[in-house]
Each structure stands twice: as C-alpha cells, then as structure tokens.
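S.K.: Its first residue numbered 1047, the sequence shown is counted upward by one per residue in this note's numbering. By construction, the Cβ of each residue, glycine as well, lies at the ideal position given by its N, Cα and C atoms.
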Amino acid sequence: MTKVAIIGAGPCGLSMLRSFEQAEKKGNKIPEIVCFEKQDDWGGLWNYSWRTGSDQYGDPVPNSMYRYLWSNGPKECLEFADYSFDEHFGHPIPSFPPRAVLYDYIIGRAKKGNLKDKIKFNTRVINTIYKNDKFEVSYQDKANDKIVRDVFDYVVVSTGHFSVPYIPEYDGMKSFPGRIMHSHDFRDAEEFREKNVIVLGSSYSAEDVALQCKKYGAKSVTIGYRHNPMGFKWPKGMKEVYHLDRLEGKKAIFKDGTEQEADVIILCSGYLHYFPFLDEELKLKTGNRLYPPKLYKGVVWQKNHKLLYLGMQDQFHTFNMFDCQAWFARDIIMKKIEIPNDDDIDKDINKWVSMEEKLENPDQMIDFQTEYTKELHAMSDYPKIDFELIRKHFKEWEHHKVEDILTYRNKSFSSPVTGSIAPIHHTPWENAMDDSMETFLNK
Ligand SMILES: Cc1cc2nc3c(=O)[nH]c(=O)nc-3n(C[C@H](O)[C@H](O)[C@H](O)COP(=O)(O)OP(=O)(O)OC[C@H]3O[C@@H](n4cnc5c(N)ncnc54)[C@H](O)[C@@H]3O)c2cc1C
Ligand SMILES: NC(=O)c1ccc[n+]([C@@H]2O[C@H](COP(=O)([O-])OP(=O)(O)OC[C@H]3O[C@@H](n4cnc5c(N)ncnc54)[C@H](OP(=O)(O)O)[C@@H]3O)[C@@H](O)[C@H]2O)c1
1047 MTKVAIIGAG
1057 PCGLSMLRSF
1067 EQAEKKGNKI
1077 PEIVCFEKQD
1087 DWGGLWNYSW
1097 RTGSDQYGDP
1107 VPNSMYRYLW
1117 SNGPKECLEF
1127 ADYSFDEHFG
1137 HPIPSFPPRA
1147 VLYDYIIGRA
1157 KKGNLKDKIK
1167 FNTRVINTIY
1177 KNDKFEVSYQ
1187 DKANDKIVRD
1197 VFDYVVVSTG
1207 HFSVPYIPEY
1217 DGMKSFPGRI
1227 MHSHDFRDAE
1237 EFREKNVIVL
1247 GSSYSAEDVA
1257 LQCKKYGAKS
1267 VTIGYRHNPM
1277 GFKWPKGMKE
1287 VYHLDRLEGK
1297 KAIFKDGTEQ
1307 EADVIILCSG
1317 YLHYFPFLDE
1327 ELKLKTGNRL
1337 YPPKLYKGVV
1347 WQKNHKLLYL
1357 GMQDQFHTFN
1367 MFDCQAWFAR
1377 DIIMKKIEIP
1387 NDDDIDKDIN
1397 KWVSMEEKLE
1407 NPDQMIDFQT
1417 EYTKELHAMS
1427 DYPKIDFELI
1437 RKHFKEWEHH
1447 KVEDILTYRN
1457 KSFSSPVTGS
1467 IAPIHHTPWE
1477 NAMDDSMETF
1487 LNK
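(1) Identify which residue in Phe1300, Asp1309 and Tyr1418 has its Cα closest to the Cα of Pro1223.
(2) What's the gap between the Cα of Glu1326 and the Cα of Lys1192?
(3) Quick one: what's Ile1244 bridged to in DSSP?
(4) Does the region 1276-1293 come close enough to the region 1120-1135 that 3 or more CB-CB pairs lie under 8 Å?
(5) Note down the Cα distance separating Ala1252 from Leu1246, rounded to an integer number of angstroms.
(6) Specify, as a first and last residue, the run of the beta strand (DSSP E) that Glu1449 falls within.
(7) Are the region 1425-1445 and the region 1099-1113 in contact at 8 Å, needing three or more beta carbon pairs?
(8) Could you give the residue range of the beta strand (DSSP E) that holds Phe1300?
(9) Can we count Glu1083 as close to ligand 1, meaning its CB is less than 6 Å from some heavy atom?
(10) Could you tell me the distance, in whole angstroms, from the CA atom of Glu1236 to the CA atom of Val1107?
(11) Could you tell me if Val1267 is buried or exposed, where buried requires 16 or more neighbouring beta carbons within 10 angstroms of its beta carbon?
(12) Roughly how many angstroms separate the alpha carbons of Val1203 and Glu1444, rounded to a whole number?
(13) Who pairs with Asp1217 in a beta bridge, going by DSSP?
(14) My understanding is that Tyr1342 touches Asp1394, with C-beta atoms under 8 Å, so please give their C-beta distance in whole angstroms.
(15) Using only CA atoms, which one of Lys1166, Ile1165 and Arg1113 lies nearest to Val1147?
(16) Is Met1367 near ligand 1, with its Cβ less than 6 Å from a heavy atom?
(17) Can you tell me whether His1230 is buried or exposed, with buried defined as 16 or more other CB within 10 angstroms of its CB?
(18) Could you name the residues that DSSP lists as bridge partners for Ile1175?
Below, the structure is given as structure tokens:
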C-alpha cells in the first residue's frame, strides 16, 4: 500500500488530510497516511503560544502570532469551499475576525472528520532522505526523546515558512541599551506602552506590529523601510522614514537624516524558508515570492515528483489556495493527475516564474495568484467557489487600506461560498481592545 508522510498539521497539513478524507468518502481507497506535528496540538501558527525561543524539549518554537492579531485580509477571501463561515458559526459574522475566531473555524472543519487519528503530535521530523525509490524519514518523539525511522512513498512538506526569522544586523546594535527583537517573538503590544518603538520593514508584519504598538499606547512609532515605503496615512505619533543607518546609544539614525530616541527595535524583516529536516537535494531554496521556482504548479518538486510542497508561496490567497494545492497533490499521489514530461514541466514553471517577475503592483499580484489558484482548482474536484469575487474583494481591500489604514478592517464583504453579506462589527477595529471570540461574536 502507498504510504504518505505529511510534515506539519497547520492549515496546509490539515488541507492535505481533509483532501484524502473527502476522497475516501467518495468511495476511493486512500493511501496509508502519517502526519507529523512537532507541537502538542494542531492549527500551526493559528494555535497561539506564549512561548518564544525554544520549548520544554529544546525545540525551536515555530509560532509567530501574537495577542490582538486580527485577520489582515477579508475572511471571505480565505473561506473553505466545503465548509463556509455560515456553516461553522450558524450565522454571518464580520469580515475581519481576530485570531481565535479563525483558529476556531480551521479546527471546526478538521474536527468534522477523524483527522486527529492520523497525526502524531509532539513529533518532530528531523531527517528525510530519498534512497531506493523511497523516503526514509527520521522523527523524534519529543516527550520520550526517542528517534524512530520509517519509510514512505511520498512526502508532503507543509511546515510553513513564517517561523524562522531573518535577522539582519545594523551598526550600533551591540551597544544599544534597549531591547532588540524580531516580530517572530512579538507577543503582546501592551509591553510597549509609553515606549519609543522603532519598527524595521515595510510589509505586513511591519504594518501590523507598528499599528498594534500605537493602538496599545506606545509613545511613538517610527517605521524604517529599506526599499519602498508602505506609504499609508499613518495616525498621529507614527511616521515612516527611509532606512536605518545606525544606532548611537539610544538614538536611531536614519539615512534620510531622521533621528529618533528609541527604547525598542522590532525587526519585521521577514522569514527564511528553512528545512533542516530535508536532505540537501530535496530542499526548496527561495525567498518569499509568489512563484518559488522548481515547483511544478507551485507544488511538485521538479527533481523528485514524489516530494510535494504546500503553501510555500508569498500569500494573498491562503486557506482555499492551500486546499486547491492539497486536492491537486492528493490526485498526483492517487495517480488521477498525470505529471507531464520534464520539458513541459520546465516550460510551465518558467512561464509562471517569468510572469511573476514582470508584476509591478498589488493588483497585478492579486491577479497572478488568483489565476494560479483558479488553474489548480480546475484540475481537481475541489468544490465550487467564486474566485472572481475573491479577486474583486482583494482589490477592494487593497484600496480600502490606501484610503485609511485604521479603518479597512471595519468593512464588510460577501461570501464566495454562500453569498451572505458580513455584518459590520459592533466595535471599530481601532477601539476593539478585546480580541476574544466571545466579545467578537457578541452582537
Ligand atoms: C504573524 C502572522 C500573521 C498571519 N496572519 C494571517 C492572516 O491574517 N490571514 C491569513 O490568511 N494568513 C495569515 N498568515 C499566513 C500564514 O502563513 C497562514 O495563514 C498559515 O498559517 C500557513 O499555514 P501552513 O500550514 O503553511 O504553516 P504553519 O501555520 O506555520 O504550520 C506549519 C506546522 O508545521 C509544524 N512543523 C514545522 N516543522 C516541523 C517538523 N520538522 N516536524 C513536524 N512538524 C513541523 C509546525 O509546528 C506547524 O504546526 C500569517 C502569518 C504570520 C507569520
Ligand atoms: N494578520 C495580520 O495582521 C498579520 C500581521 C503580520 C504578518 N502577517 C502575515 O505574515 C506573513 C509574513 O509577513 P512579514 O511582513 O513578516 O514578511 P514579508 O512579507 O516577507 O516581508 C519582509 C519585510 O522585511 C523587509 N526587510 C528584509 N530585510 C530587511 C532589512 N535588512 N532591513 C529592513 N527591512 C528588511 C523587507 O523589505 P524589502 O522590501 O526592502 O526587502 C520586507 O518589507 C505574511 O503572510 C503576512 O500576511 C499578518
């Protein structure tokens, strides 16, 4: 019997498990599956942890999410085609939920089946090599510190790529008297009340960490971008300036001449695609981009078609794109989809990579990832979902952010699955200090 290893039980790993379960429900015989999850529960980044650094077993903590994190895109854009928000919550809910609500939704679908039976928790994959047409996977039972080896026909890597921080160094850091940290270790903006905060970066973490600090009472927030500013209309007490040059004592000196007293530096400088548990020839090496090379249809490892990667792209689309990838990967494994010859694979990858390299603005990037997701969607029996509406929502959302970065989360969108329209949340995001599910769902 074909044997499949799935590494990671975050949203991507759960999509993979769900795809097999759906095939089985339709009467197909599915392979033997083992999913390895190094944490003691499922949900990946959405499973909040207070921990930073390493856990009680000495294993690096993968979580990068923090208290008061709200969805940064409309929930309608990530809705599962086979499990709507209306089905989960019993009624329409607002478009930008906090983390706990999205976690509940992800887990709600997973709990509908027997997915947990297939997951080995507290189990970290430490090595994967390919020999004699099989993968030899070594894993550690963390609680008992036992190493076990097993053999698989296919490996699905669904370990995420926002867990290992990229940490640059600037002059003066060694002697800076305050705190220097990466957004990976950011847990609670309350910590920075009355502080002068410097945020370095110009992407989603920089935007949200900076706004969180302001919202929860930082004295000032200065964002240092390296290439392009985010350019939003920042509220009073926040500014965006060009590139940190150096730190001198407590002073941050930027290349545009700005000088700012600083208590803390938060590096929002992104993450590394880091796979220490894969043999060198199996490792995807890429930056955070919309079409990492060497992956056929963004999923199949070009040099070994039995190795599949999920969710390795930079992400506008998330949960339903992961589903489309998982359904596609499942059909590759179950031989319902045939992989073309090497030349055609190469041409297909090059076509997408060269299209990606020409993209100039967020609207084009949204179009690109929507086209990619639609193409995958058409290749499997993943249920119907309106990707044209999702495309439209993403563009509208981008424009809302440009209009007002403080109010974009107060808007409402319609579901691409049920068509229902989200109610406006009872409290505008900038005043909503409590991110609990109870408070959010309270009408
Ligand atoms: C701060 C932050 C905020 C975000 N906010 C949003 C948002 O608002 N909306 C949105 O759609 N997306 C958001 N994302 C994007 C996020 O990447 C996806 O939503 C999603 O979590 C990706 O799922 P994943 O399964 O690929 O990875 P992850 O969620 O990272 O899950 C990977 C899993 O693999 C496990 N694992 C890793 N290595 C091993 C190993 N060697 N052995 C066994 N298990 C292993 C980990 O423990 C983890 O459970 C956010 C990301 C970050 C960092
Ligand atoms: N729900 C939420 O509110 C929320 C909050 C945070 C994050 N997220 C998610 O988390 C994921 C990761 O986002 P991310 O922002 O952490 O990573 P990212 O999108 O990969 O961005 C990395 C940023 O780091 C900057 N950078 C790299 N090296 C630098 C250096 N030496 N100095 C200054 N800046 C440097 C890059 O700037 P250059 O352009 O100059 O290279 C870029 O702006 C995304 O999927 C995002 O949606 C969501």
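M.R.: So, to answer that:
(1) Checked all of Phe1300, Asp1309 and Tyr1418; the closest Cα to Pro1223 is Asp1309.
(2) Their Cα atoms are separated by approximately 24 Å.
(3) As a beta-bridge residue in DSSP terms, Ile1244 pairs with Thr1268 and Ile1311.
(4) No, they do not touch.
(5) Straight-line Cα distance between these residues: approximately 7 Å.
(6) Premise fails: Glu1449 lies in the alpha helix (DSSP H), Phe1433 to Glu1449, not in any beta strand (DSSP E).
(7) Because the criterion of three Cβ pairs below 8 Å is not met, the region 1425-1445 and the region 1099-1113 do not touch.
(8) Lys1297 to Phe1300 is the span of the beta strand (DSSP E), which, as asked, contains Phe1300.
(9) Glu1083: yes, Cβ under 6 Å from ligand 1.
(10) A direct Cα-Cα distance of roughly 22 Å separates Glu1236 from Val1107.
(11) Under this definition Val1267 is a buried residue.
(12) Answer to the nearest angstrom: the Cα atoms are 31 Å apart.
(13) Arg1292.
(14) That pair is a contact at about 6 Å.
(15) Closest by alpha carbon: Arg1113.
(16) No, ligand 1 has no heavy atom inside 6 Å of this Cβ.
(17) His1230 should be labelled buried.
(18) BP columns for Ile1175 point to Glu1182.
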